[in-house]
Amino acid sequence: MAIAGDAGATFVNPAALATIRHAAMEGSLQRYPDGTIETMGAAAFRLLQFDLGGGYHYLRFSDTSATKDNLVWTGSATYRFGFISLGSTLKYVSLEDSLDQVRRAGTMDLGAGIHVFDLMTLAFAVRNVGGWRVTGGPLTLPTSKHAGFSFNFTDPQETARVLGTIEVVWTEHARRRTIIGAEAGAVLGKVGVVGRVGWGAPPEGAGQKEVSLGAGVVLSRFNIDYAWQRRTKLGGHVHRFGLRFTI
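Following numbering that gives the first Met the number 0, the numbering of the sequence shown begins with 0 at its first residue and continues without gaps.
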């Protein structure tokens with residue numbers, strides 16, 4: 000949540016878009032053992048003191064699931080002044096069950112960030128603030144509060160890359176969760192490799208293990224990402240692939 004500069008921040012903390020210098024795009028694809036497919040795409044660009052972005056997140060569940068699909072669209076705007084950024088996201092959520100009954104709702108996310116050059120970011124976000132029904136029956140979107148901090152232990156413009164991050168989550172009617180992540184690697188010129196590890200309590204009902212692993216290949220402005228989760232509610236040994244581009 001405190002990782003700034005990626006277009007995917009539209010889903011977690013709109014204020015994190017503030018460090019995008021010109022434009023950013025990213026996408027990911029994941030297939031679960033039960034046949035469920037998950038895709039995501041996002042893009043953002045800078046306009047004067049504003050960063051504007053949006054994206055979609057889509058889950059197509061297996062034929063045996065009671066839920067047919069889940070679609071989220073977002074649109075974000077962030078304003079930065081000095082080290083501080085403030086942002087908001089409008090979010091549209093659609094949920095269709097196996098009987099073809101569709102429920103649609105809208106909600107909003109709010110975020111703030113303090114960015115100290117490329118060294119550290121302190122971030123805050125509240126997701127699903129309020130909400131309104133669009134069509135169909137009621138769709139419950141629990142409010143969650145997030146506080147995160149990330150720190151580069153090395154200058155990210157140099158060869159060595161070492162980054163640490165921590166996030167604390169308070170979700171309505173759920174226990175507090177703490178998530179810790181680390182990234183380390185090396186970039187020579189414009190090409191490099193990084194490894195990642197994350198640890199923390201998963202959301203209730205997700206069925207995930209506490210540890211996840213990942214890696215990335217840096218190719219100038221492109222980043223190819225991979226993540227692995229040993230177990231989820233939809234099956235074990237889940238692999239996610241992603242691509243990011245920034246200018």
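A virtual CB, placed ideally from N, CA and C, is assigned to each residue, including glycine. All values reported here derive from a predicted model rather than from experimental measurement.
Please list the terminal residues of the continuous beta strand (DSSP E) segment that includes Glu95. 83–96
Hey, could you find the ends of the beta strand (DSSP E) His56 is sitting in? In this chain, the beta strand (DSSP E) harbouring His56 covers 49–59.
Contact set for Gly199: own chain, Cβ-Cβ below 7 Å, skip 5 residues either direction: Arg176, Thr177, Ile178, Ile179, Glu209
Quickly, what does DSSP pair Ala104 with across the bridge? List them, please. Val92, Arg132
Looking at the unbroken beta strand (DSSP E) that takes in Arg176, where does it start and where does it end? 176–187
C-alpha distance - Pro202 paired with Leu16, whole-angstrom precision: Just so you know, the alpha carbons of Pro202 and Leu16 end up roughly 24 Å apart.
What did DSSP end up calling Phe221 once you bin it into helix, strand or coil? strand
C-alpha distance - Asp224 paired with Asp5, whole-angstrom precision: Rounded to the nearest whole angstrom, the CA to CA distance from Asp224 to Asp5 is 13 Å.
Reduced DSSP secondary structure (H/G/I, E/B, other) of Thr35: Coil at Thr35, not helix or strand.
Where Ala65 sits in the DSSP three-state scheme: coil
Go to His145, then tell me how far its beta strand (DSSP E) extends in each direction, as first and last residue. 143–151 is the span of the beta strand (DSSP E), which, as asked, contains His145.
Helix, strand or coil at Ala214 [DSSP, three-state]: In the structure shown, Ala214 sits in a strand (DSSP, three-state: E or B).
Rounded to whole angstroms, how far is the Cβ of Val161 from the Cβ of Gly135, which I believe are closer than 8 Å? With a Cβ gap of about 48 Å, Val161 and Gly135 do not count as contacting.
Below 9 Å between beta carbons: does that hold for Ser27 and Arg239? yes
Once DSSP output is grouped into helix, strand and coil, what is the label at Thr245? Residue state for Thr245 is assigned as strand, using DSSP reduced to three classes.
Starting from the C-beta of Ser84, find all residues in its chain whose C-beta is less than 6 Å away, skip the five residues before and the five after it, and write them out in chain order. Excluding residues within five positions, the ones whose Cβ falls inside 6 Å are Ala14, Ala17, Thr77, Gly112.
Note the first and the last residue of the continuous beta strand (DSSP E) segment covering Gln29. Where Gln29 is concerned, the enclosing beta strand (DSSP E) stretches over 22–30.
Can you tell me where the beta strand (DSSP E) with Val196 in it begins and where it stops? 190–199 is the extent of the beta strand (DSSP E) around Val196.
Does DSSP put Ala17 in a helix, in a strand, or in coil? helix
Please look up how many angstroms separate the CB atoms of Ala23 and Ala43, rounded, as I've assumed it's under 8 Å. 5 Å
Pull up the DSSP beta-bridge partners for His114, would you. Paired residue(s): Thr120.
Can you tell me the Cα-Cα spacing of Ile165 and Ala146, whole angstroms? 8 Å
Measure from the alpha carbon of Gly53 to the alpha carbon of each residue in Ser93, Thr63, Val11, Asp33, then state which is nearest. Considering only alpha carbons, the answer is Val11.
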